[in-house]
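Engineer: Before we start, here is the structure in question, set down as C-alpha cells.
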Ligand code: SF4
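In the UniProt record's numbering, the protein residues as written are 1 to 441.
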C-alpha cells in the first residue's frame, strides 16, 4: 500500500497563529495527508511564522533555517510570509512563501510539491478539527485583521483590515469543540471587542434564535455552552461595559485581557491609541463594583520613542492606582515597517530595559498582594496536569501559558480537564497553592 504523504509542521508565534496552524492541519488531514512529528519522517515541512517584533522575525528565520538543514523541503506561511523578499534573502532555497491567513495559497503550494492522496481520508479527521492545544482547552478565533493603526504594530499591513467570522460559524465550531471534550474556550482575535464592526453587526441565527454579530451576543451564546469562556485582546471600547454583567452572572469567566499599552495621553496619541486614562480608571472601578471577582490582565510598552521620565512615572502611578491583577510589559522594540520608527526621541536600550525592570518591580508587588488576598477563599479550578506529587490547575483568573497556576500538592485520582473546588492555602508572586474541598486523596 502506498504510504500517505507526510507533512512536518512548525508553528511559531501567538495563539492567533496557532489557530491558523490548526486550520491548515485540519485541512491537510481531511485531504489525506499525515502529520509527521519529526523532520526525518516528513516529505516536506511547513513553517508558520511570526513577524510581530524583530525577535520573532529572527526566531522565524532561524526556524526556517533549521527546517531546511534537517529536511530540505520547506514552505513558509504566516505573518512573516507577507515579507517574501526578506525570507528569500535569508533562505533562497525555500519552495514557496505565502502570507498570513492564506489557507488556500499554502494548500496550493503543498499540492504543487506533494500531490494530495487520491482518497481523502475524511473519516480520520475529528469533527472538531485538529487542535494543537491540550484537549481540554482550545483557542476560538472570531475574526482576522484589525482596523486600528497603532504606530508600533504592522499586523494590519500583514493581515489586513478586520474580517469577522459569521456568528453561527463561530458557534458551530465552539459547540463541536465542547462536544469533543474541550472545557475552556479562549476567544482570540486581533481586536475582540470590534467583532462584527465590519459586517455592520449583521443579524444571524443560532439554533433558531436571532442574534447580532456583536461580542456581547457572541459571549452570551458561548456562555450557554458547558465550558469556561475567556476573552482575550479586548480593546477598551465603551461597549465592553456590556460584558461585565455576563461575568457577574457567571455566564463567562470574570476575566478581561485588555491591552492598554500606556497611561500617558501624549504617548498613547503617539502610539495612535485612544487616550482616556481617567475614563479607564473610572471604568475599572465601576466594573469591579459590579463584578468583584473580575481579574484584569493587560500589556504595556515602556521606552516608546520620546517617552520622558515624567511620562513613565505617570504610567507607574496608573499601575499603582489601577491595581491590575496580571500584567505583561515589553521594552519598546522597533519593528521593521512600523510608523513609530520615524518618531523622534528613540531611547537607548539600557533606558528601555531599566524602565521595564522598574515597571515589573512595581507590578510584581501588586500582583503578589492581589494573589495573597485570595488565601482562605474557595474557587473552582480546571485541572491541566496530573502527576504523582501534585495537580497543576488554573482558576478563573489564569489563562493558560500567560498567567499563573494553582498547585494542589498530593496524589489525586483526577484527569486533566476536570473541574474541582479548592481552598487557597498559599500564594507566591505568580502562583497559588490550594487543597481540594471535600475530596478524598
Ligand atoms: S489594535 Fe493595534 S496593536 Fe493590536 S493588532 Fe490592531 S494595530 Fe496592532
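We put the beta carbon where it would ideally sit given N, CA and C, even for glycine.
Computed from a predicted model, the values in this text were never measured in an experiment.
Run through the DSSP bridge pairs and tell me what residue 7 is partnered with.
Structural biologist: In the DSSP output, where bridge partners are listed per residue, residue 7 has 35, 44.
Engineer: Does the beta carbon of residue 236 fall short of 6 Å from some heavy atom of the ligand SAM?
Structural biologist: The ligand SAM is absent from the structure shown, which contains only the ligand SF4.
Engineer: How long is the line joining the alpha carbons of residue 1 and residue 352, rounded to whole angstroms?
Structural biologist: Any reading at residue 1 must be qualified, since the residue scores a pLDDT of 42, below 50, and its modelled position is unreliable; no value is offered.
Engineer: Just checking residue 190 against the ligand SF4 - is the residue's beta carbon closer than 6 Å to any of the ligand's heavy atoms?
Structural biologist: Yes, the Cβ of residue 190 comes within 6 Å of a heavy atom of the ligand SF4.
Engineer: If I follow the unbroken beta strand (DSSP E) through residue 298, where does it start and stop?
Structural biologist: Here the beta strand (DSSP E) through residue 298 covers 295-302.
Engineer: Going by alpha carbons, who is nearest to residue 148 out of 185, 191, 177?
Structural biologist: The option with the nearest alpha carbon to residue 148 is 191.
Engineer: For residue 405, does the count of other Cβ atoms within 10 angstroms reach 16, so buried, or fall short, so exposed?
Structural biologist: That one is buried.
Engineer: Which residues mark the beginning and the end of the alpha helix (DSSP H) in which residue 405 is found?
Structural biologist: Segment: none, residue 405 is in no alpha helix (DSSP H) and carries neither H nor E.
Engineer: From residue 431 to residue 4, what distance separates their C-alpha atoms?
Structural biologist: Distance between the alpha carbons of residue 431 and residue 4: 45 Å.
Engineer: Name the one or two DSSP bridge partners that residue 332 has.
Structural biologist: Partner(s): none; residue 332 has no beta bridge.
Engineer: Using the Cβ count rule (16 or more neighbours within 10 Å means buried), how would you classify residue 344?
Structural biologist: That one is exposed.
Engineer: Is residue 360 helix, strand or coil by DSSP?
Structural biologist: Note: residue 360 maps to helix in three-state DSSP.
Engineer: Go ahead and pull the three-state DSSP assignment for residue 272.
Structural biologist: Coil, per DSSP.
Engineer: Pick from 407, 194, 428, 416: whose alpha carbon is nearest that of residue 434?
Structural biologist: Residue 434 has its Cα closest to that of 407, out of 407, 194, 428, 416.
Engineer: Here's a check: name, in chain order, each residue in its chain whose Cβ is nearer than 8 Å to the Cβ of residue 299, leaving out the five neighbours to either side.
Structural biologist: Closer than 8 Å at Cβ, skipping near neighbours: 259, 260, 261, 327, 328, 329, 330.
Engineer: I need the DSSP call for residue 437, collapsed to helix, strand or coil.
Structural biologist: Coil, per DSSP.
Engineer: Can you say whether residue 144 is buried or exposed, counting buried as having 16 or more other CB atoms within 10 angstroms of its CB?
Structural biologist: With 16 or more other Cβ atoms within 10 Å, it is buried.
Engineer: Could you pull the start and end residues of the beta strand (DSSP E) that residue 186 belongs to?
Structural biologist: 184-188 is the extent of the beta strand (DSSP E) around residue 186.
Engineer: Does DSSP put residue 123 in a helix, in a strand, or in coil?
Structural biologist: Here the model assigns residue 123 a pLDDT of 42, short of 50, so the residue's position is not dependable, and the following value carries that caveat. Three-state DSSP puts residue 123 in a helix.
Engineer: At the level of alpha carbons, what is the spacing between residue 165 and residue 425?
Structural biologist: Roughly 43 Å separates the two Cα atoms.
Engineer: Can residue 78 and residue 100 be called in contact, C-beta distance under 7 Å?
Structural biologist: A contact, by the Cβ cut-off of 7 Å.
Engineer: Under 8 Å by Cβ, that's how I've got residue 158 and residue 82 pegged, so tell me the actual separation to the nearest angstrom.
Structural biologist: With a Cβ gap of about 4 Å, residue 158 and residue 82 count as contacting.
Engineer: Going along the chain, which residues of its own chain have a beta-carbon closer than 8 Å to the beta-carbon of residue 59, five neighbours each way excluded?
Structural biologist: Excluding positions up to five away in sequence, the list reads 12, 50.
Engineer: Among the candidates 358, 283, 312, whose CA atom is the shortest distance from the CA of residue 322?
Structural biologist: Selected option, being the one with the closest Cα: 283.
Engineer: What do you reckon, is the C-beta of residue 148 under 6 Å from a heavy atom of the ligand SF4?
Structural biologist: Residue 148 Cβ: within cutoff of the ligand SF4.
Engineer: I'd like to know whether the C-beta atoms of residue 421 and residue 380 end up nearer to each other than 7 Å.
Structural biologist: Yes, Cβ-Cβ distance for residue 421 and residue 380 is below 7 Å.
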